[in-house]
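K.L.:
Got a structure here, written out as structure tokens. Questions coming.
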Amino acid sequence: MGNKWDPVVIYRLLEHGPLRFSDLKKSTSGISSKSLSKSLKTLEENHLIERTVVSERPHHVMYRLTDHGEAIEPVIRAMEDWGDEYLCSMIKETKHGQEPTERDP
């Protein structure tokens, strides 16, 4: 997972199951078609997702997680939990009139 969108794409496929390119794009706020294509290609090359051509006309392709991709779920969930905790602490600090504190990595 080399770019910032890879975990997001995996998360979307974990949440929704197999999706078409257009559905992935709609459910991933802020991602460009180029970035999504790059992420999908990288994830496929790394055997984390599988690309299946469902029909040629109209062109219909589905993306789904492989077993290796599904094995990343605990890592993705841990990142989600950390993000939720971090966001909540930032909101609490802001509500109490404090500047959010700098956190060490």
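Each residue of the sequence shown is one higher than the one before, counting from 1 in UniProt numbering. All C-beta atoms, glycine included, are put in the ideal place defined by N, C-alpha and C.
Roughly how many angstroms lie between the CA atoms of glutamate 15 and glutamate 93, to the nearest whole one?
P.N.:
Their Cα atoms are separated by approximately 30 Å.
K.L.:
In terms of DSSP beta bridges, what is threonine 52 paired with?
P.N.:
Threonine 52 pairs with Met62.
K.L.:
With respect to the alpha helix (DSSP H) encompassing threonine 28, which residues constitute its N-terminal and C-terminal limits?
P.N.:
Taken as a continuous stretch (DSSP letters only), threonine 28 belongs to no alpha helix (DSSP H), as it is neither H nor E.
K.L.:
Pull up the DSSP beta-bridge partners for arginine 57, would you.
P.N.:
In DSSP, arginine 57 forms no bridge with anything.
K.L.:
Taking the beta carbon of tryptophan 82 as the centre, do at least 16 other beta carbons fall within 10 Å, making it buried, or is it exposed?
P.N.:
Burial call: exposed.
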